[in-house]
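Residue numbers (the UniProt record's numbering): 1 to 573.
Structural data, given as structure tokens:
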């Protein structure tokens, strides 16, 4: 009906309001043909038209006001009204209306339709891949685009918030600028790709020769002397769990040697089980020492969260070793003693060695108990909770192994005493089976607790509630959702949560650092949609940076108030 509207380039949204309807007594009997026209002025375009009411025979006048985003009339539409020529019958019917005035009486109270137009910005299509506004660091620019530091000096530098705690800001470059500079330096994408492949080949050759390079470096250090500060691994074995493990290794090694001599002299199945028990304890505690030394290594690119789980891995392997080597051999020797009983020689030396083992194993057990009590008090846990939750796997292994060793010594001595009193070797074989069952129980407990720790268990509910309340008490936070606090071992916690921030508080925090008078002046100068878009983009980006700064602030305060929280991941909801 209005062909000129189809050629308008503006993005408009219209609402239609029915304002007035003329009574039937004032409606003319003649129906005129529709006519329309355009009128422009001061950046506002008006379209007027008249058309007959489809419900009754009355002539109505309406007006449409259209606002252009460009403020000009360059779309080829007629600048003035264009009205169709009336027919002869219509010319005969119009004189009476013209004599009454410029508009017929029926049009004064006719139905009026008003259309309000709202200017909106055209949606921008970015496509599936858009990297023009991406920032990259100088290291990435030199590695991925094969540029030198002198090449980057000529590019625009942008200061951004640093994701690291030790620096407040760092310099980045626009990816589009770096790509253009790379093409300028290398000439084409093909030349850049060849340089990348060449550097990858050099890196691959270096990785293949890394063992030789490390060997040469070691020889160089041995020749010139290693001036690097001593590693803290030695300090680790002089206190805490390391000290307990080293004491246990020494004592269990001596016990194994003397028990082995007693078994060779007496041929007792129970003494053989005890010798195997001490050997298994020595090997497992050596494995624990290896796990402790590896757990204190610093994080690297391949292991960003460190090596603290190595203690749990070593304890898990230790539990499997106790089951296979200790319990398995004890059961085997006990079953063979029941099937093929043999007479036992004098047990005097065996009793003496068992008494010495009881004293030594008891001393190691006391060292482990004291260490666990000290650690449990620091974390506010009871002795039982600390052991059941496997907070310190290395000390727990020593505790359980020494406890099983003390019980095993008593059990072995009792069964050997019954054998010497009755002369029946079956009691000695039953003692071997009892020691094997005891070791199997200890190994099952160690496997279960360390597996639970490696799977990533949550910290105590009270501690999680404390961390959550700290975040919720901050004025910038509305709510906390999907909270996960995982124990990473060695009293290290990883905290993750989705945070619903209060946009008004974040915006107010941004405005408090700005010149309000300058912002008001900028607002008053906004006249066109393009100027409004630039104004909103400028302050919108700054508000997003303020939101990121709020996230960094919360993470830093959470770590300061809770030293055990080493890694914090707050996701914006």
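In this text, a Cβ means the ideal position worked out from N, Cα and C, and glycines have one as well.
| Item | Value |
| --- | --- |
| Consult DSSP for residue 162 and reduce its assignment to one of helix, strand or coil. | coil |
| Ignore the nearest five residues each way along the sequence and tell me which others in residue 103's own chain have a CB closer than 6 Å to its CB. | With a pLDDT of 45 at residue 103, under the threshold of 50, the predicted position of this residue should be treated as unreliable, though the coordinate-derived value follows. Nothing meets the Cβ criterion. |
| How long is the line joining the alpha carbons of residue 148 and residue 141, rounded to whole angstroms? | 9 Å |
| Since residue 321 is in the alpha helix (DSSP H), which residue starts that stretch and which ends it? | 310-321 |
| Tell me the rounded alpha-carbon separation between residue 404 and residue 433. | 14 Å |
| If you pair each beta-carbon of the region 496-512 with each one of the region 539-554, do three or more pairs fall below 8 Å? | yes |
| Exposed or buried, residue 523, counting other C-beta atoms within 10 Å across all chains shown (16 or more means buried)? | exposed |
| Report, in whole angstroms, the separation of the C-beta atoms of residue 452 and residue 498, which I expect to be a contact under 8 Å. | Rounded, the Cβ-Cβ distance is 26 Å, inconsistent with contact. |
| By Cβ distance, which residues of its chain are closer than 6 Å to residue 101, with the 5 residues on each side in sequence left out? | Only weak support is given to the placement of residue 101: the predicted model assigns it a pLDDT of 45, under 50, and the value that follows is read from those uncertain coordinates. Taken in chain order, the list of residues that qualify is empty. |
| Looking at the structure shown, is residue 556 part of a helix, part of a strand, or coil, going by DSSP? | helix |
| Could you tell me the boundaries of the alpha helix (DSSP H) in which residue 459 lies? | That residue, residue 459, is in no alpha helix (DSSP H); it is neither H nor E in DSSP. |
| Answer with buried or exposed for residue 259, where buried requires no fewer than 16 other C-beta atoms within 10 angstroms of its C-beta. | buried |
| Between residue 202 and the rest of its own chain, which residues show a CB-CB distance below 6 Å, the 5 nearest in sequence each way excluded? | none |
| By how many angstroms is the C-alpha of residue 416 removed from the C-alpha of residue 255? | 18 Å |
| In angstroms with no decimal places, state the Cα-to-Cα distance between residue 240 and residue 266. | 39 Å |
| For the alpha helix (DSSP H) holding residue 498, just list the boundary residues, first then last. | No alpha helix (DSSP H) holds residue 498; the beta strand (DSSP E) holding it covers 492-501. |
| Classify residue 264: buried if its beta carbon has 16 or more other beta carbons within 10 angstroms, exposed otherwise. | exposed |
| So within the region 186-221, which uninterrupted alpha helix (DSSP H) runs reach at least 4 residues, ignoring any that extend past its ends? | 189-208 |
| Need the endpoints of the beta strand (DSSP E) that residue 485 sits in, please. | 477-489 |
| So is residue 285 buried or exposed if we call it buried at 16+ other beta carbons inside 10 Å? | buried |
| For residue 530, write down the residues that DSSP places opposite it in a beta bridge. | Answer by DSSP bridge pairing: none, since residue 530 is not bridged. |
| DSSP state of residue 568, grouped into three classes? | strand |
| Would the beta-carbon of residue 365 fall within 9 Å of that of residue 399? | yes |
| Please classify residue 561 as buried or exposed, where buried requires at least 16 other C-beta atoms within 10 Å of its C-beta. | exposed |
| Output the boundary residues of the beta strand (DSSP E) element that contains residue 169. | 169-174 |
| Roughly how many angstroms separate the alpha carbons of residue 336 and residue 387, rounded to a whole number? | 36 Å |
| What residues match up with residue 136 in a beta bridge as DSSP calls it? | 173 |
| Figure out for me which residue from 323, 306, 277 and 441 has the closest Cα to the Cα of residue 291. | 306 |
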